[in-house]
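For reference, the structure discussed in these notes is given below.
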Amino acid sequence: MHGGRPPDYDGTAKIPWLIEQISGRNGTRDIDLLLCRVCDPLEHDGNAQAAATYAEAVNEALAAERIAVVLTGGRPVIAEIATDGTESVTAEPHDLDTRVRRLISDTATADLLLKRAEEARICQRSGAYTMAVIAIGSFVEGMLLTMLTERDEECRNNRFIGRDGKFVTIARPNLASLIDTAHARNWIQLDAKTFMHSVRNFRNYIHPGKEIADNPGFDYDSVGLCWAPLQAMLNDLEQQFAVVEAGEKTQPA
């Protein structure tokens with residue numbers, strides 16, 4: 001099974017199904033997807049209370065690992081437990097190296113992007129929170145540009161979504177255009193698009209004048225809030241291209 005595709009629920013009793021699915025998986029990414037899925041309100045016919053009940057039980061079991069399933073923009077993601085144990089801080093996506101290399105064909109580009117992600121980690125751990133936010137935004141920009149040009153013919157011909165919401169010729173698309181194009185292609189959902197634009201706005205604090213004017217005061221949690229949209233974006237991209245690749249495999253020779 002592709003690492004980005006969640007398991008198909010067969011309609012049987014959820015608890016035995018969950019136990020069976022977990023028993024059959026030993027990869028961190030697959031287990032993360034499974035745990036998020038059973039805590040997703042969409043899997044409970046939109047019943048947020050039922051989803052919260054499952055999440056509470058799952059999080060009790062995960063407490064020893066200092067992680068939890070939390071909702072970000074209505075979507076479940078895996079989060080780290082804060083050091084004081086009182087709140088969850090969204091963590092960077094698990095298995096980022098493997099996931100990026102599955103989505104991007106060019107090895108040199110994948111290496112460069114993962115170096116940016118590592119720089120974001122180093123900055124976050126060192127207290128350089130503004131630089132961590134900027135590095136995450138740079139990673140997102142590079143990843144979307146690479147995927148769009150690798151996988152979409154129009155984008156290879158410099159056709160991207162412009163400010164008016166229509167496809168136009170743009171030789172050097174900015175991050176806003178890349179996010180909107182990915183959404184227009186149904187690669188990412190509306191929530192990922194919306195929160196990714198917040199990351200884009202944070203990334204603009206690379207300009208000292210803007211930082212002086214706004215004084216954002218980024219901290220450790222601010223960086224966590226930038227990892228969360230990246231998590232949602234990766235989930236959407238993996239699910240989209242798992243479906244595409246599965247369809248290609250079923251085509252007659």
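So the sequence shown is numbered by the UniProt record's numbering: it starts at 1 and just counts up by one. Backbone N, C-alpha and C define an ideal beta-carbon position, used for all residues, glycine too. Please read these numbers as outputs of a predicted model, since none were measured by experiment.
- Beta-carbon proximity list for K193, same chain, < 8 Å, skipping 5 on both sides: Excluding the 5 residues flanking it on each side, K193 has same chain C-beta neighbours closer than 8 Å at I179, D180, A182 and H183, in chain order.
- Query: Nearest to A176 by CA position, among T169, L225, F160 and D191, is which residue?
  - Reply: The residue with the shortest Cα to Cα distance from A176 is F160.
- Whole-angstrom C-beta distance between V140 and M196, which should lie under 8 Å: Cβ-Cβ separation between M196 and V140: approximately 7 Å, consistent with a contact (criterion under 8 Å).
- Item | Alpha-carbon to alpha-carbon, A108 and L190 | Answer to the nearest angstrom: the Cα atoms are 30 Å apart.
- Item | Beta-carbon proximity check, D152 vs R185, cutoff 8 Å | Using a Cβ distance threshold of 8 Å, D152 and R185 count as a contacting pair.
- Item | Every unbroken beta strand (DSSP E) within the stretch 87-125, with a cutoff of 3 residues, ordered by chain | DSSP runs (the beta strand (DSSP E)) wholly in the stretch 87-125: 88-90.
- Task: Find the nearest neighbour of Y54 within the set A64, L34 and E65, judged by alpha-carbon distance.
- Result: Nearest C-alpha to Y54: L34.
- Task: Could you please give the first and the last residue of the uninterrupted beta strand (DSSP E) stretch that includes P216?
- Result: That residue, P216, is in no beta strand (DSSP E); it is neither H nor E in DSSP.
- Message: Threshold first: 4 residues or longer. Then list the alpha helix (DSSP H) segments lying entirely within the stretch 141-221, N to C.
- Response: Counting whole runs of 4 or more residues, the stretch 141-221 contains the alpha helix (DSSP H) stretches 153-156, 175-184, 190-203 and 208-214.
- Query: What did DSSP end up calling R66 once you bin it into helix, strand or coil?
  - Reply: Coil.
- Query: For E154, which of T169, K210, Q49 and G162 has the nearest alpha-carbon?
  - Reply: When each option's Cα is compared against that of E154, the closest is T169.
- Query: Taking just the CA atoms, how far does A232 sit from I78?
  - Reply: Put simply, the backbone Cα of I78 is about 10 Å away from that of A232.
- Note down, in chain order, each residue of its chain lying with its Cβ closer than 6 Å to the Cβ of P41, except the 5 sequence neighbours on either side. Contacts found: A48 and A51.
- Message: Output needed for N158: all residues of its chain with C-beta closer than 7 Å, excluding positions within five of it in sequence on either side, in chain order.
- Response: The beta carbon of N158 sits closer than 7 Å to those of T169, I170 and A171, all from its chain and outside the five residues before and after it, given in chain order.
- Message: So the candidates are Q240, L234 and G224; which of them puts its Cα closest to the Cα of E80?
- Response: With distances taken between Cα atoms, E80 lies closest to G224.
- Message: For a quick check, are the C-beta atoms of W187 and Q240 less than 8 Å apart?
- Response: Q240 is positioned such that its CB atom lies closer than 8 Å to that of W187.
- Integer-rounded CB distance, given that V199 should sit under 8 Å from I136: 6 Å between Cβ atoms; contact.
- Task: Starting from the C-beta of L234, find all residues in its chain whose C-beta is less than 7 Å away, skip the five residues before and the five after it, and write them out in chain order.
- Result: Result list for L234: P93 and R99, in chain order.
- Within its chain, find whatever has a CB closer than 7 Å to the CB of C226; leave out the 5 residues flanking it on each side and keep chain order. The answer, listed in chain order, is V133, I136, V199 and F202.
- Hey, how far is the Cα of L145 from the Cα of N174? If I take the Cα positions, the gap works out to 9 Å.
- Take L237 as the anchor and find which of Q21, P16, G11 and R101 has the nearest alpha-carbon. Looking at Q21, P16, G11 and R101, the one whose alpha-carbon comes closest to that of L237 is R101.
- Message: Between the alpha carbons of F167 and E20, how many angstroms are there, rounded?
- Response: Spanning the two alpha carbons is a distance of roughly 46 Å.
- Task: Using alpha carbons as the reference points, say which of D30, D219, E43 and S23 lies closest to D95.
- Result: Between D95 and the set D30, D219, E43 and S23, the nearest pair of CA atoms involves D30.
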